[in-house]
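Data block below; observations after.
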C-alpha cells in the first residue's frame with residue numbers, strides 16, 4: 480500500500496523503501512557519509528516514531544553492500560561509522576510516549592538493532608530522563624537495563640541526553656553513588672545550551688563535571704531548535720516570549736548587515752574547543768552541503784587554540800561585527816535576559832506539565848533538581 484501523503488504520520492510498517500520521499504532520505508544519509516565524510520548518525524525511536532531507525536537501516540544495507548572483486552570486501556565497514564540511538568521516549572500518544580521500565584528498555588534496543596540492520600549500537604543513550612516519573616525508576620530499571628544491553632554486546636557505550644543540565648548532573652551523580660564512578664555513562668549529549676543566547680554548557684559547572692568524570696560532552700541544536708533562524712521557531716517551541724523577541728531582534732540585526740543568522744550561529748557553535756562534537760539536524764542533501772561548507776572553514780586550524788582565536792579565522796568581517804553586537808552584555812539583544820537569567824526555558828516545568836496535563840492519573844514525583 481502507498482504511504483500516507485503526510486510523511487509525519489508514517490509508521491515504520493507503512494514505509495515503502497522505494498517511495499520517492501524515502502529514497503531522498505536514504506540518499507541524504509549516503510551523501511553525508513560518502514561525499515562529506517560525516518561518520519556519526521544520531522537517532523532515536525522517538526524520531527519519526529521509528530521511521531528514522533528504519534531508514535538508517537536501509538541506508539546501511541546499501542552502504543555496506545559487498546563490492547564484487549578479488550577481496551569481496553564491503554564498500555565500507557560498520558566500524559567506519561558511529562551509530563547512536565536512545566531509550567525511554569517512543570510514541571506520539573502521551574499514554575505511550577515515555578516508558579523507562581526494564582523490559583521495555585531491553586525490547587527497544589533489540590528492535591533498534593533490527594531496524595537499523597546493525598550488530599551493535601555505538602552509544603545507547605537515556606532519552607529525556609527529566610520526563611521520568613521518578614528518579615527511582617531510572618536507577619532501578621532503566622539504567623540496569625542499559626547496563627545489561629552493554630553486557631550482551633548490544634551497545635559499546637552508554638550516554639545520557641536531555642535539556643536541563645542540572646537534571647543530567649543529578650542523574651549522573653546518582654548513578655555514580657549507586658553503581659560506582661565510571662561504571663555507567665561514557666557520554667553526555669546536551670542540546671540548546673551552547674548557542675548565541677545560551678552558553679551555560681561551558682559557563683556553568685556541567686562541562687567541567689563531565690571532564691572530571693571522563694565523560695565526553697557533546698552539544699546539539701546550535702540553532703536553538705529554530706530560534707536562531709530568519710523564519711523563527713515552530714509554534715511548539717518552549718522558549719519564553721522575551722527570548723523569542725530577542726531572537727527576532729538578532730535576526731533583524733543580521734538582515735540589516737546582510738549576514739546569514741544560521742551561518743553565524745553554527746560557526747560560533749563549531750568553534751567552541753571544549754565541545755568535541757556538535758550535532759546538526761539535516762533533512763536533505765542541500766542542508767548537508769550547507770553544513771559541510773561551514774565546517775570546511777575550520778580545515779587546517781589548530782583546535783589547541785582558544786575559541787576566540789578560532790573565531791578570528793573563520794568569521795567574515797561582517798559576521799564578526801554582528802557577533803560583537805549580539806554578544807554585548809550591556810546593550811546587546813540578549814543583555815537583559817543574561818542579567819535576569821532568562822536566556823533558557825524551564826525544561827523541568829515542561830516535564831511536570833506533561834504529567835499533570837497528559838497523564839493526570841499516573842503516579843509521579845517532582846524529583847528533578849532545578
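Residue numbers (my numbering): 480 to 849. Idealized CB from N, CA, C, for every residue including glycine.
Residue range of the beta strand (DSSP E) that includes residue i
i, result
"residue 668", "666–670"
"residue 838", "Neither: residue 838 is in no beta strand (DSSP E) and is coded neither H nor E."
Cutoff 7 Å; reference residue i; Cβ partners in own chain excluding five residues on either side
i, result
"residue 627", "585"
"residue 632", "599"
"residue 808", "814 and 817"
"residue 804", "732 and 811"
"residue 848", "645, 646 and 649"
"residue 751", "673, 681 and 786"
"residue 821", "719, 721 and 722"
"residue 845", "831"
"residue 504", "534"
"residue 579", "567, 611, 616, 617, 620 and 621"
Reduced DSSP secondary structure (H/G/I, E/B, other) of residue i
i, result
"residue 480", "Bear in mind that the predicted position of residue 480 carries a pLDDT of just 38, short of 50, making it unreliable; the figure below should be weighed with that in mind. Reduced to three states, the DSSP call for residue 480 is coil."
"residue 710", "coil"
"residue 498", "coil"
"residue 698", "strand"
"residue 716", "coil"
"residue 527", "helix"
"residue 790", "helix"
"residue 585", "helix"
"residue 565", "strand"
"residue 813", "coil"
"residue 592", "helix"
"residue 600", "strand"
"residue 606", "strand"
"residue 831", "helix"
"residue 847", "coil"
"residue 675", "coil"
"residue 704", "helix"
"residue 515", "coil"
"residue 559", "helix"
"residue 618", "helix"
"residue 779", "coil"
"residue 820", "coil"
"residue 784", "coil"
"residue 554", "coil"
"residue 653", "helix"
"residue 826", "helix"
"residue 536", "helix"
"residue 725", "helix"
Distance between beta carbons of residue j and residue i, contact taken as under 8 Å
i, j, result
"residue 697", "residue 758", "6 Å"
"residue 680", "residue 654", "Going by Cβ atoms, the distance from residue 680 to residue 654 rounds to 20 Å, so no, they are not a contact pair."
"residue 566", "residue 533", "About 17 Å; that fails the 8 Å criterion."
"residue 610", "residue 639", "Wrong, their Cβ atoms sit about 13 Å apart, outside the cutoff."
"residue 699", "residue 753", "Not confirmed; about 15 Å, so no contact."
"residue 749", "residue 769", "Not quite, the Cβ-Cβ distance comes to about 13 Å (not below 8 Å), so this is no contact."
"residue 740", "residue 727", "That belief does not hold up - the Cβ atoms of residue 740 and residue 727 are roughly 11 Å apart, past 8 Å."
"residue 511", "residue 767", "5 Å"
"residue 746", "residue 707", "Between residue 707 and residue 746 the Cβ distance is about 12 Å, and since that is not below 8 Å, they are no contact."
"residue 843", "residue 613", "7 Å"
"residue 643", "residue 516", "The pair is not a contact, with the Cβ atoms about 33 Å apart (cut-off 8 Å)."
"residue 837", "residue 573", "4 Å"
"residue 756", "residue 519", "7 Å"
"residue 523", "residue 564", "6 Å"
Where the alpha helix (DSSP H) through residue i begins and ends
i, result
"residue 772", "764–774"
"residue 691", "685–691"
"residue 519", "Element bounds for residue 519: not the alpha helix (DSSP H) but the beta strand (DSSP E), 519–521."
"residue 574", "573–576"
"residue 580", "Where residue 580 is concerned, there is no enclosing alpha helix (DSSP H), given that its DSSP letter is neither H nor E."
"residue 679", "679–682"
"residue 799", "796–805"
Residue i CB to nearest heavy atom of the ligand NAD below 8 Å
i, result
"residue 633", "Among the components modelled here there is no ligand, and therefore nothing to report on the ligand NAD."
Proximal residues to residue i (C-beta, below 6 Å), its chain only, five neighbours per side dropped
i, result
"residue 607", "568 and 641"
"residue 662", "none"
"residue 763", "507"
"residue 556", "none"
"residue 581", "620 and 624"
Residues near residue i in its chain [Cβ-Cβ closer than 8 Å; skip 5 each side]
i, result
"residue 780", "789, 792 and 793"
"residue 635", "599, 600, 601, 602 and 629"
"residue 528", "490, 491, 569, 570 and 571"
"residue 530", "489, 490, 491 and 494"
"residue 594", "491, 529, 532, 533, 535 and 536"
"residue 716", "704, 705, 706 and 723"
| message | Extract the residue ranges of the alpha helix (DSSP H) inside the region 623–650, only unbroken runs of 4 or more that lie entirely within it. | response | none
Item to check | Minimum length 4: unbroken alpha helix (DSSP H) runs contained in the region 731–764 | outcome: 740–749
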